[in-house]
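Undergrad: This is the structure I want to talk about, given as structure tokens.
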Amino acid sequence: MSFAAGAAKRAVASTASTTARRTFASTARRPGGHGSQYDPPGGWLFGVKPGEKYKNEGWEKPMFWGFCGSLLVFACIVPFKPDTSIQTWALEEARRRLEAEGILQDPFPRAK
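The sequence shown lines up with residues 83 to 194 when you count with our numbering.
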């Protein structure tokens, strides 16, 4: 048996024995929840009864405009970002070297 398999077996055995010895009453109590976290189901979509108008909360409009605005700015800027991939650099470098050796002709010769 390898060292890793033995260590895993010991970890599982020690965890099982530790949880078997510990009772629920001795588990540390962690206060600070300020009440029950359970939200009973109300039966309405988003908690709005049919026929009632939904009242926006204060964070919704800034969140909407900030999110949509940033998406729009991102969509306008991304197409103009420079191509920094290694493939593009390698292609340009190979073309430069081949032109310098005279194997490949310059596709845009300078006007004389």
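For each residue, glycine too, the CB sits at the ideal point set by N, CA and C.
So, with DSSP's three-state summary, where would you put PRO123?
TA: Here PRO123 sits in coil by DSSP.
Undergrad: How big is the Cα-Cα spacing for ALA157 and ASN138?
TA: If you take the alpha carbons of ALA157 and ASN138, they lie about 28 Å apart.
Undergrad: Where does the unbroken alpha helix (DSSP H) through LYS143 begin, and where does it stop?
TA: Run containing LYS143: 142 to 159, per the alpha helix (DSSP H) assignment.
Undergrad: In whole angstroms, what is the alpha-carbon distance linking GLY184 and ARG177?
TA: Approximately 10 Å, taken between the alpha carbons.
Undergrad: Looking at the structure shown, is ALA26 part of a helix, part of a strand, or coil, going by DSSP?
TA: Since the displayed the chain opens at 83 and closes at 194, residue 26 lies outside it and no answer follows.
Undergrad: Would you kindly report the start and end of the unbroken alpha helix (DSSP H) that includes ARG192?
TA: Element bounds for ARG192: n/a, residue is neither H nor E.
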